[in-house]
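Residue numbers (the working numbering): 68 to 543.
Glycine included, C-beta positions come from ideal geometry on N, C-alpha and C.
Heads up, the thing below is written out as structure tokens.
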Amino acid sequence: MIDDLSVSAVKTSEGPEGITVLVVDDERSNVESLEKIFLKENMRVLVANDAKHALEQVRSHRVHVVLTDLMMPGTTGLELLRAIKQVQSDVEVVLMTAYGSVEAAVSAMREGAYDFVEKPLKRVTIVKSVRKAAERGRLLEENRSLKDEIKALTKREMVGSSVPWRRVIEVATQAAPSTATVLVLGESGTGKELIARYIHDKSARARGAFVAVNCAAIPETILESELFGHERGAFTGAVTKKDGRFAKATAGTLFLDEIGELSPQVQVKLLRVLQEGEYEPLGGNTVKADVRVVAATNRDLLAEVQAGRFREDLYYRLNVIAVTAPPLRARREDVPLLVDHFVGLYAKKNGKARLVVARAALDRMLDYAWPGNVRELENVIERAVVLSRGDTLTEQDLPDQIAKAPASAPRSIDFTVGTPLEEIELRVIKETLKHTKGDKSLAAQLLGISTRTVYRKLDGVDGSFEGAGDPAKPSA
Ligand SMILES: Nc1ncnc2c1ncn2[C@@H]1O[C@H](COP(=O)(O)OP(=O)(O)OP(=O)(O)O)[C@@H](O)[C@H]1O
Ligand SMILES: [Mg+2]
68 MIDDLSVSAV KTSEGPEGIT VLVVDDERSN VESLEKIFLK ENMRVLVAND
118 AKHALEQVRS HRVHVVLTDL MMPGTTGLEL LRAIKQVQSD VEVVLMTAYG
168 SVEAAVSAMR EGAYDFVEKP LKRVTIVKSV RKAAERGRLL EENRSLKDEI
218 KALTKREMVG SSVPWRRVIE VATQAAPSTA TVLVLGESGT GKELIARYIH
268 DKSARARGAF VAVNCAAIPE TILESELFGH ERGAFTGAVT KKDGRFAKAT
318 AGTLFLDEIG ELSPQVQVKL LRVLQEGEYE PLGGNTVKAD VRVVAATNRD
368 LLAEVQAGRF REDLYYRLNV IAVTAPPLRA RREDVPLLVD HFVGLYAKKN
418 GKARLVVARA ALDRMLDYAW PGNVRELENV IERAVVLSRG DTLTEQDLPD
468 QIAKAPASAP RSIDFTVGTP LEEIELRVIK ETLKHTKGDK SLAAQLLGIS
518 TRTVYRKLDG VDGSFEGAGD PAKPSA
């Protein structure tokens, strides 16, 4: 049946080409000749004489291309095709059809078969078709992983243009290339983990792993072995040797979240790794650590030191470079940008059209204090996008505590230590103006300055400083 049977291949089970092909035919002689052909092409070959065995092969191996007969007793190649796609959707299928059954082949193509070859089979034709099918599968796979990568990147976007946030990016960018330990401080939900990932992505270790450990979520008794690993038999229950997170983060970054929760015992061990660059797995010998540590906490770590709960020497070791994530209420001008970002993100995730944010809804969000910071804002937007019926996000889509907040409740302004006085002055004037609904003489009265001074200060504003007094509406 096959024109060239003069093959004398040694059966390789590995297939150096990296292509695995499954040959399905009820005619044994056919299967054997095809097996020889593909082995000679340096492919890995699996065989099956019926649909049941073919499915077993697909279930237990990573198959790239299935070459199947269209007509077999019991099943058709078409049914097999459907079943295979159920098991491994990314397998490419090439059908072998008898002369004259082209119509059946065409409907198989509609069902997702890659190609069909007509019997009598020609060696070059089948090899070419199987190779092309494998190449297509490889491209699709590559495409998928690229898409995943892009998705991961966009998810990690650092949104914000306020002065405090720009400072965060500046410090993080400067810290990234060094191997210094970085301590990320900030309230819950301010983006500490996002900043840690940013530092990793911008560092020379970006190709290595980013391993995150939430020190508060792991019971104290197992945190040590979780971080440093253990040898077999190191303690009751240690039936096998296990690598710790330090080993897993080799050549990458280890993110130690909630570092304030570490027990004194683990604090000692961590100090030693940071100082000497080595550690001992439980019950094991000393190993070198090739890890950059980024730690985070929402606690006041210095107060913990003063209270005797956190080692002072460890504190200084961790605190080589500190990045403080400002609370959202200290950078309200970023609220519209974040709202816009999350509206887009969750519209896409939920397969909805992008919502327009009503001015009143945005005002409510600008007035709100956001005790849960960016995480809270993200949750509010996700909920609103999911619940909204129309094409506009209105006040009704917001939770009560935000929708019913008094329109211009007097509020406080937070500043990062070291904010230039000029900037503070401007922010105070703008916030006060917002509070007085734009009444400049009332604002001047409240601030204890003349109305003229208010005008003069505002006149000196170039467009680059976006005060909270006039938040830009997010573009729809
Ligand atoms: N500037 C930002 N731009 C875009 N998304 C942000 C920003 N800051 C935070 N987020 C998002 O807000 C959420 C909370 O951020 P993250 O988990 O980094 O905060 P955290 O400070 O580690 O919080 P916690 O203390 O609760 O662990 C994440 O989904 C993150 O992607
Ligand atoms: Mg976190």
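(message) Following a CB-centred definition, is Leu-369 positioned closer than 6 Å to any heavy atom of ligand 1?
(response) no
(request) Can you grab the Cα-Cα spacing for the pair Leu-101 / Val-90, in whole Å? (result) 7 Å
(message) Please report the straight-line C-alpha distance between Pro-231 and Asp-434, rounded to a whole angstrom.
(response) 19 Å
(message) Going by DSSP in three states, Pro-541 sits in which element: helix, strand or coil?
(response) Confidence in Pro-541 is poor, its pLDDT being 40 and thus under 50, which makes the residue's placement unreliable; the coordinate value appears in the next sentence. Of the three classes helix, strand and coil, the one that applies to Pro-541 here is coil, per DSSP.
(request) Give me every residue whose Cβ sits closer than 6 Å to any heavy atom of ligand 2, in chain order. (result) Lys-259, Glu-260, Asp-324
(message) My output table needs one value for Ile-388: the three-state DSSP class, helix, strand or coil.
(response) strand
(message) Taking 6 Å as the limit between beta carbons, can you name the residues of its chain near Ser-475, skipping five residues before and five after?
(response) Unreliable placement is indicated for Ser-475, whose pLDDT of 48 sits below 50; the coordinate value is still reported in the next sentence. So the list reads His-502, once near-sequence residues are dropped.
(request) Put Ser-475 into one of helix, strand or coil per three-state DSSP. (result) Note that Ser-475 scores a pLDDT of 48, beneath 50, so its modelled location is shaky and nothing firm can be said.
(request) Less than 8 Å between the CB atoms is what I'm expecting for Leu-381 and Val-406, so what's the real figure, rounded? (result) Contact doesn't hold; Cβ gap of about 39 Å is too wide.
(request) Count the other CB atoms, across all protein chains shown, that sit within 10 Å of the CB of Tyr-346; report buried if there are 16 or more and exposed otherwise. (result) buried
(message) Judging by CA-CA distance, which residue of Lys-504, Arg-421, Ala-389 is the nearest neighbour of Thr-248?
(response) Ala-389
(message) Assuming contact is defined by CB atoms lying nearer than 7 Å, are Arg-312 and Leu-294 in contact in what I supplied?
(response) yes
(request) Please say whether Ala-200 and Glu-159 have beta carbons closer to each other than 7 Å? (result) yes
(message) Tell me the rounded alpha-carbon separation between Gly-30 and Gln-153.
(response) Limits of the chain in this structure are 68 at one end and 543 at the other, which puts residue 30 out of reach.
(message) Let me check you understand the geometry: is the CB of Met-432 closer than 6 Å to at least one non-hydrogen atom of ligand 1?
(response) no
(message) Which same chain residues end up closer than 6 Å to Ala-239 when comparing Cβ atoms and leaving out the 5 residues on each side of it in sequence?
(response) Ile-262, Tyr-265, Ile-266, Val-390
(message) Taking 6 Å as the cut-off, is the C-beta of Asn-365 nearer than that to any heavy atom in ligand 1?
(response) yes
(request) Going by CA-CA distance only, name the one from Leu-213, Leu-137, Met-110, Tyr-522 that's closest to Asp-92. (result) Leu-137
(message) Let's test the definition: count the other Cβ atoms within 10 Å of the Cβ of Asn-440 and tell me whether it reaches 16, buried, or not, exposed.
(response) buried
(request) Kindly indicate which three-state DSSP category Leu-134 falls into: helix, strand or coil? (result) strand
(request) In the DSSP assignment, find the unbroken alpha helix (DSSP H) run with Thr-520 in it and report its ends. (result) 518-526
(message) Let me check understanding here. Comparing Cα to Cα, which of Pro-438, Arg-177, Thr-192 lies closest to Val-184?
(response) Thr-192
(message) ligand 1 and Glu-445: does the residue's C-beta get closer than 6 Å to at least one heavy atom of that ligand?
(response) yes
(message) According to DSSP, Asp-324 sits in a beta bridge with which residue or residues?
(response) Asn-281
(message) Given this structure, state the Cα-to-Cα distance separating Ala-511 from Asp-526, to the nearest angstrom.
(response) 15 Å
(request) With Met-139 as the anchor, note down where its beta strand (DSSP E) starts and where it stops. (result) Taken as a continuous stretch (DSSP letters only), Met-139 belongs to no beta strand (DSSP E), as it is neither H nor E.
(request) Count the other C-beta atoms from every protein chain shown that fall within 10 angstroms of the C-beta of Arg-111, then say buried if there are 16 or more, exposed otherwise. (result) buried
(message) Considering only the alpha carbon of each residue, which of His-297, Ala-172, His-128, Leu-113 lies closest to Leu-148?
(response) Ala-172
(message) For a test of your reading of the model: does the CB of Ser-255 fall under 6 Å from any non-hydrogen atom of ligand 1? Yes or no.
(response) yes
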